[in-house]
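In the numbering used here, the protein residues as written are 35 to 290.
For glycine and all other residues, C-beta sits at the position ideal for the given N, C-alpha and C.
One structure below.
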């Protein structure tokens, strides 16, 4: 089945990045400071897993998160639809690590076979991410972890950027999500314990101030003031677990 034009354009961009770029962040399409901030936040939030637990990092790029998972004692598979990116991930990683070429919207993974999944830096390059969410949840065993990130549609700077794009007649180059939509999609597919983590990330030219946004008092402030996290956060990180006993979906029951 042909990909939507928007998705195919992004697939070709990531293939080209994998061919010509060397830095992990460049291959992933982030600034170096942006990738480092995202990885720090995941390291802070991830509770870990049992030694040898089987994880999938889909959309792995050059393998930054995959190598982190391996360093924490789990057994990760790094997967990306860009063969050049996977080749570079393999070259800069321990020989025992496993890599694969694949697409999050059509995972060739046995259902309920994984202890956990990551999908970071992917949703914004999909025209409709619901299928990807379905594949991720269904590939995870009951009680297993699901971690997804997305670009926050309600961030103040994103709202301004989208308004300028509309006024100038330019189509947005990326797709943005609302956190409520991600929660709905996850719970619809049988996920539970959905938690939202706001990730404020400053542009590269302001990175000298990034540490302020990651201090404990700022995180407490974001939790305490309704709407502040949504306005300040360029990215959303959502975690969930595959329900041991899937129940009928109820929009009123979703968490935020």
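task: Would you tell me roughly how many angstroms separate the C-alpha atoms of residue 40 and residue 150, rounded to the nearest one?
output: To locate residue 40, count along the chain shown from 1; it is residue 6. To locate residue 150, count along the chain shown from 1; it is residue 116. Going from the Cα of residue 40 to the Cα of residue 150 covers about 28 Å.
message: Which same chain residues end up closer than 7 Å to residue 267 when comparing Cβ atoms and leaving out the 5 residues on each side of it in sequence?
response: Here residue 267 corresponds to residue number 233 of the chain shown, with the count starting at 1. For residue 267, where only same-chain residues beyond five positions count, the Cβ hits under 7 Å are 186, 189, 232, 233, 234.
- prompt: When you compare each of 183, 140, 82, 172 to residue 147 by their alpha carbons, which one comes out closest?
  reply: What you label residue 147 is simply residue 113 of the chain shown in a count that begins at 1. Of the candidates 183, 140, 82, 172, the one whose C-alpha sits nearest the C-alpha of residue 147 is 172.
- prompt: From 196, 94, 180, pick the residue whose C-alpha is nearest to that of residue 52; which is it?
  reply: Reading the chain shown from its first residue, position 18 is the one you call residue 52. Nearest option by C-alpha distance: 94.
- prompt: CA-CA distance, residue 139 and residue 42?
  reply: Within the chain shown, numbered from 1, the residue matching residue 139 stands at position 105. Within the chain shown, numbered from 1, the residue matching residue 42 stands at position 8. Answer to the nearest angstrom: the Cα atoms are 13 Å apart.
query: Among the residues of its own chain, which have a CB less than 8 Å from the CB of residue 205, if the five just before and after it don't count?
result: For the purposes of this step, residue 205 is taken as the residue at position 171 of the chain shown. Answer for residue 205: 199, listed in chain order.
- prompt: For residue 58, which of helix, strand or coil comes out of DSSP?
  reply: Locating residue 58 in the chain shown gives position 24, where the first residue counts as 1. DSSP places residue 58 in helix when its eight states are reduced to three.
- request: Give every residue of the same chain whose Cβ lies closer than 6 Å to the Cβ of residue 262, excluding the five residues on either side of it in the sequence, and list them in chain order.
  value: Position 228 of the chain shown, counting from 1, holds the residue named residue 262. Once the five neighbours on either side are set aside, the close Cβ partners of residue 262 are 256.
query: Between the beta-carbon of residue 220 and the beta-carbon of residue 236, is there less than 9 Å?
result: Within the chain shown, numbered from 1, the residue matching residue 220 stands at position 186. Within the chain shown, numbered from 1, the residue matching residue 236 stands at position 202. No, Cβ-Cβ distance for residue 220 and residue 236 is not below 9 Å.
task: Could you check what DSSP says for residue 361 in three-state terms: helix, strand or coil?
output: This structure does not reach residue 361, given that the chain is present from 35 up to 290, and the question cannot be answered.
query: Using 8 Å as the threshold, is the segment 60-80 in touch with the segment 126-139, meaning 3 or more CB pairs across them?
result: no
Enclosing alpha helix (DSSP H) for residue 204 [first to last residue]: Here residue 204 refers to the residue found at position 170 of the chain shown. It is not in any alpha helix (DSSP H) - residue 204 carries neither H nor E in the DSSP assignment.
task: Kindly indicate which residue of 65, 159, 89, 44 has the alpha-carbon position closest to the one of residue 241.
output: Within the chain shown, residue 241 is the residue found at index 207, counting from 1. It is 65.
- request: Tell me whether residue 149 sits in a helix, a strand or coil according to DSSP, three-state version.
  value: Counted from its first residue, the chain shown places residue 149 at position 115. Strand at residue 149.
message: Whole angstroms are fine: how far does the CA of residue 212 sit from the CA of residue 166?
response: Taking the first residue of the chain shown as position 1, residue 166 is located at position 132. Taking the first residue of the chain shown as position 1, residue 212 is located at position 178. Rounded to the nearest angstrom, the two C-alpha atoms are 16 Å apart.
task: Determine the burial state of residue 101: buried for a count of at least 16 other Cβ atoms within 10 Å of its Cβ, exposed for fewer.
output: Start at 1 with the first residue of the chain shown, and residue 101 comes out as number 67. Residue 101 should be labelled buried.
query: Does the Cβ of residue 197 have 16 or more other Cβ atoms within 10 Å, making it buried, or fewer, making it exposed?
result: Translated into positions along the chain shown, residue 197 becomes position 163. Flag for residue 197 reads exposed.
message: Taking its Cβ as the centre, do 16 or more other Cβ atoms sit within 10 Å of residue 201, making it buried, or is it exposed?
response: Within the chain shown, the letter at position 167 stands for residue 201. The residue in question, residue 201, is exposed, as its Cβ has fewer than 16 Cβ neighbours within 10 Å.
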